[in-house]
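> Quick note: the sequence shown uses the numbering used here, first residue 3, plus one each step.
The beta carbon of each residue, even a glycine, is placed where N, CA and C say it ideally should be.
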Amino acid sequence: MTAKIYVTRKLPEQIISKLQISYEVRMWAKENVPVPREVLKKEISMADGLLCLITESIDEDLLQIAENLKVISNMAVGYNNIDVEAASKRGIRVTNTPGVLTETTADLTFALLMATARRVVESSNYLREGKWDTWSPMLLTGQDIYGATIGIVGLGRIGEAVAKRAKGFDMNILYYNRSRKPHAEKELGIRYTELNELLKVSDFICIMTPYTPETVNLIGKEQLQLMKKTAIVINTARGGIVNETALYEALKDGQIWGAGLDVFTEEPVDLDHPLLSLANVVALPHIGSASIKTRMKMANLAADNLLEALAGNTPSCLVNGPQLDTYRK
Ligand code: DGY
Numbered sequence: 003m004t005a006k007i008y009v010t011r012k013l014p015e016q017i018i019s020k021l022q023i024s025y026e027v028r029m030w031a032k033e034n035v036p037v038p039r040e041v042l043k044k045e046i047s048m049a050d051g052l053l054c055l056i057t058e059s060i061d062e063d064l065l066q067i068a069e070n071l072k073v074i075s076n077m078a079v080g081y082n083n084i085d086v087e088a089a090s091k092r093g094i095r096v097t098n099t100p101g102v103l104t105e106t107t108a109d110l111t112f113a114l115l116m117a118t119a120r121r122v123v124e125s126s127n128y129l130r131e132g133k134w135d136t137w138s139p140m141l142l143t144g145q146d147i148y149g150a151t152i153g154i155v156g157l158g159r160i161g162e163a164v165a166k167r168a169k170g171f172d173m174n175i176l177y178y179n180r181s182r183k184p185h186a187e188k189e190l191g192i193r194y195t196e197l198n199e200l201l202k203v204s205d206f207i208c209i210m211t212p213y214t215p216e217t218v219n220l221i222g223k224e225q226l227q228l229m230k231k232t233a234i235v236i237n238t239a240r241g242g243i244v245n246e247t248a249l250y251e252a253l254k255d256g257q258i259w260g261a262g263l264d265v266f267t268e269e270p271v272d273l274d275h276p277l278l279s280l281a282n283v284v285a286l287p288h289i290g291s292a293s294i295k296t297r298m299k300m301a302n303l304a305a306d307n308l309l310e311a312l313a314g315n316t317p318s319c320l321v322n323g324p325q326l327d328t329y330r331k
């Protein structure tokens with residue numbers, strides 16, 4: 003019998019055709035609507051391979067009915083939407099799409115940093131709302147980027163790519179990471195500091211760490227209190243790493259200066275969310291990796307990972323290799 007693949011969102015034809023060469027492919031054919039849970043439950047119970055997005059929570063509840071499932075291929079580098087432990091204990095391989103989105107996400111991180119510091123969105127709205135009466139000395143003044151101190155929290159691939167961009171702006175670059183990265187310190191001229199020290203001295207605090215039980219609320223009230231009054235927090239990683247209630251209070255009370263957020267604890271963020279009421283917040287709809295080329299590369303890599311696993315090979319982007327004693331065939 004031909005093995006079955008389920009794809010949880012409409013993907014370009016060329017990706018689907020590649021999967022169809024050897025497998026029966028079913029797909030949730032809508033582009034901007036996530037697959038309903040009930041539909042996913044039914045489909046996963048029949049599938050040998052799943053190609054999913056960060057919008058699907060692949061948890062114990064789903065995996066217990068996924069009796070034939072051999073691989074979960076996430077079209078993202080982050081895989082906090084998947085219960086990897088539950089998958090591993092069933093011998094299901096989990097893959098992600100690292101590398102291909104590094105530069106694009108670093109570009110967006112820097113764009114967001116600059117937009118927040120120089121009040122780009124607020125200034126554009128000011129003009130469009132007809133408020134621009136005259137050039138005036140202190141109108142819409144922001145913070146300097148060139149020569150400022152940037153603190154990168156989580157120096158993975160994307161963190162390093164952000165550091166490279168910061169170097170071009172002659173920034174003083176600090177980082178905090180679980181382990182030190184001597185090669186990056188040497189190549190990029192960056193300096194390791196403990197988290198609290200980084201928070202105290204940085205003008206820009208960029209959150210670039212994966213979302214794990216250890217990083218939930220990594221930046222809360224206490225950490226925000228350490229920051230400069232002129233500090234700007236940039237988060238292009240995952241919403242839950244920064245406590246949103248504490249962030250709102252800090253921004254509202256002028257305890258820090260601004261925030262650029264591409265990610266939220268609940269996505270899509272509610273339009274009534276207090277953070278969206280603040281002019282010193284630049285908010286984006288999780289578009290870090292959203293360039294045409296990069297999204298195509300991510301879709302291709304996710305498809306390749308899936309095909310490799312179904313062919314019985316070890317996929318190049320396997321995230322649970324060490325946790326698998328044996329895998330489902
Ligand atoms: C990821 O890959 O984890 C992003 O958040 C989506 O591109």
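Which one or two residues does DSSP pair with Ser75 in a beta bridge?
Leu53 and Thr97
> Note down, in chain order, each residue of its chain lying with its Cβ closer than 7 Å to the Cβ of Val102, except the 5 sequence neighbours on either side.
The residues are Thr296, Lys299, Met300 and Leu303.
> So what does Arg193 bridge to, in DSSP terms?
Looking at the DSSP assignment, Arg193 forms a beta bridge with Leu176.
> CB-CB under 8 Å to Glu196, same chain, minus the five flanking residues each way: which ones, in chain order?
Excluding sequence positions up to five before and after Glu196, its CB lies within less than 8 Å of the CB of Tyr178, all in the same chain and listed in chain order.
> Taking Val284 as the reference, which of Phe112, Asp63 and Arg92 has the closest Cα?
Phe112
> For the alpha helix (DSSP H) containing Ala117, list its first residue and its last residue.
Thr104 to Ala119
> Where do the N-terminal and C-terminal ends of the alpha helix (DSSP H) with Ala168 fall, by residue?
Arg159 to Gly170
> Please tell me whether, using a cut-off of 8 Å, the distance from the CB of Met300 to the nearest non-hydrogen atom of the ligand DGY is below it.
Remark: the C-beta of Met300 is in contact range of the ligand DGY, defined as less than 8 Å to any heavy atom.
> For Gly161, which residues from the same chain have a beta carbon less than 7 Å from its beta carbon, with the 5 sequence-adjacent residues on both sides left out?
Hits under 7 Å: Ile154, Tyr177 and Met210.
> What does the alpha-carbon distance come out to for the pair Met48 and Ser24?
If you take the alpha carbons of Met48 and Ser24, they lie about 17 Å apart.
> Going by C-alpha distance, which of Gln145, Ser125 and Asp146 is nearest Trp137?
Ser125
> Taking the alpha-carbon of Lys6 as reference, which of Asp306, Lys20 and Glu26 has the nearest alpha-carbon?
Glu26
> Run the proximity test for Arg11: is its beta-carbon closer than 8 Å to any non-hydrogen atom belonging to the ligand DGY?
no
> For a test of your reading of the model: does the CB of Arg180 fall under 8 Å from any non-hydrogen atom of the ligand DGY? Yes or no.
No, Cβ of Arg180 sits at least 8 Å from all heavy atoms of the ligand DGY.
> Alpha carbon to alpha carbon, how far is Ala168 from Asn219?
The alpha-carbon atoms of Ala168 and Asn219 are separated by roughly 26 Å.
> Going by beta-carbon coordinates alone, are Lys231 and Glu251 separated by less than 9 Å?
no
> Would the stretch 55-74 and the stretch 304-316 be scored as touching if the rule is three or more Cβ pairs under 8 Å?
yes
> Please go through the same chain and pick out, in chain order, the residues whose beta-carbon is closer than 8 Å to the beta-carbon of Leu129, but skip the five residues on each side of it.
Result list for Leu129: empty, nothing under 8 Å.
> In angstroms, rounded to a whole number, what distance separates the CA positions of Ala119 and Cys208?
13 Å
> Using the Cβ count rule (16 or more neighbours within 10 Å means buried), how would you classify Gln22?
Burial call: exposed.
> Compare the beta carbon distance of Thr104 and Ala78 with 9 Å and say whether it is the shorter of the two.
no
> Quick one: measure Cβ to Cβ for Leu157 and Lys183, integer angstroms, because I've assumed they're closer than 8 Å.
5 Å
> Inspect the beta-carbon positions of Asn307 and Thr97 and report whether they are closer than 9 Å.
yes
> Check whether the stretch 58-69 and the stretch 83-91 touch, using three or more Cβ-Cβ pairs below 8 Å as the test.
yes
> Report the CB separation of Asn237 from Val265 in whole angstroms; it is logged as a contact under 8 Å.
6 Å
> In terms of alpha-carbon separation, which member of Ile56, Ile67, Tyr81 and Lys44 lies closest to Pro215?
Tyr81
> Let me know the secondary structure DSSP gives Lys183 once reduced to three states.
The three-state reading of DSSP puts Lys183 in coil, since its state is none of H, G, I, E or B.
> Cβ atoms of Leu52 and Ile46: under 9 Å apart, would you say?
yes
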